[in-house]
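Heads up, the sequence shown is in full-length UniProt numbering, so the first residue is 1 and it goes up one at a time. This report refers to the structure that appears directly beneath it.
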Amino acid sequence: MAKILIIDDSPTDVRVFTTLLEGAGHVVSAVSTAEEGIERVRGDLPDLVIMDVIMPGMNGFQATRTLTRDPATSNIPIVMITTKSMETDRVWGLRQGARAFITKPVKEKELLACINDLLPSAA
Numbered sequence: 001m002a003k004i005l006i007i008d009d010s011p012t013d014v015r016v017f018t019t020l021l022e023g024a025g026h027v028v029s030a031v032s033t034a035e036e037g038i039e040r041v042r043g044d045l046p047d048l049v050i051m052d053v054i055m056p057g058m059n060g061f062q063a064t065r066t067l068t069r070d071p072a073t074s075n076i077p078i079v080m081i082t083t084k085s086m087e088t089d090r091v092w093g094l095r096q097g098a099r100a101f102i103t104k105p106v107k108e109k110e111l112l113a114c115i116n117d118l119l120p121s122a123a
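Written as structure tokens, this is what we have:
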């Protein structure tokens with residue numbers, strides 16, 4: 001069981017991801033802005049972060065870069081989940097420090113496999 005933080009401004013996506021992840025036995029919390037997400041990650045130190053890209057204010061690329069450059073949070077895997085499906089977006093997300101990049105709509109098996117790969121103890 002992993003502690004997972006979702007950073008996404010879509011209540012629908014948060015509900016879908018939460019239901020899926022809790023069903024797989026994970027403890028899930030969520031915030032709706034990148035700025036709030038950075039503070040929550042620093043305070044709670046979750047096992048994994050699911051990060052949207054397109055959000056008001058700071059975007060997911062900027063938040064990922066901030067978290068992966070901070071020694072206190074750099075080891076926390078970030079999975080970017082977004083509607084941005086261009087190869088350049090995927091490459092940019094991974095260059096910012098994301099460990100995985102998944103495009104919406106998310107396939108349940110793909111997301112769970114990705115999390116299990118990043119958190120072998122959660123399998």
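Idealized CB from N, CA, C, for every residue including glycine.
Would you please state the rounded distance, in angstroms, between the beta carbons of THR83 and ILE54? I believe it to be under 8 Å. The Cβ separation is near 7 Å, so the contact holds.
Touch test, the segment 42-49 against the segment 59-75, Cβ-Cβ under 8 Å, three pairs minimum: Inter-segment contact for the segment 42-49 and the segment 59-75 is present: three or more beta-carbon pairs are separated by less than 8 Å.
Would you kindly report the start and end of the unbroken alpha helix (DSSP H) that includes ILE115? Note, ILE115: alpha helix (DSSP H), 108-118.
What separation, rounded to the nearest whole angstrom, lies between the Cα atoms of ASP117 and ALA34? Per the coordinates, the alpha-carbon of ASP117 lies some 24 Å from the alpha-carbon of ALA34.
6 Å CB neighbourhood of LYS68 in its chain, flanking five on each side removed: A quick correction: the sequence has Thr, not Lys, at residue 68. Closer than 6 Å at the Cβ level, and outside the excluded window around THR68, lie SER74, GLY97.
Pick out whichever of ALA24, ARG65, CYS114 has its Cα sitting closest to the Cα of TRP92. Closest in alpha carbon position to TRP92, among ALA24, ARG65, CYS114, is ARG65.
Just grab the DSSP bridge partners of THR82 for me. For THR82, which the question treats as bridged, DSSP gives the partners THR103.
Just to check my reading of the structure: ALA2 and VAL14 have Cβ atoms closer than 8 Å, yes? What is that Cβ distance to the nearest angstrom? With a Cβ gap of about 17 Å, ALA2 and VAL14 do not count as contacting.
Residue environment, VAL27, which counts as buried when at least 16 other CB atoms sit within 10 Å: Looking at its Cβ environment, which holds fewer than 16 other Cβ atoms inside 10 Å, VAL27 is exposed.
Who are the Cβ neighbours of GLY57 in its own chain at under 8 Å, not counting the five residues just before and after it? In the same chain as GLY57, and ignoring 5 residues on each side of it, the C-beta atoms closer than 8 Å to its own belong to THR33, ALA34, GLU35, in chain order.
Of the residues LEU5, SER85, ALA100, which one's Cα is nearest the Cα of GLU22? Of the candidates LEU5, SER85, ALA100, the one whose C-alpha sits nearest the C-alpha of GLU22 is LEU5.
Provide the residue span of the beta strand (DSSP E) that contains LEU67, from first to last. For LEU67, there is no enclosing beta strand (DSSP E); the enclosing alpha helix (DSSP H) covers residues 60-69.
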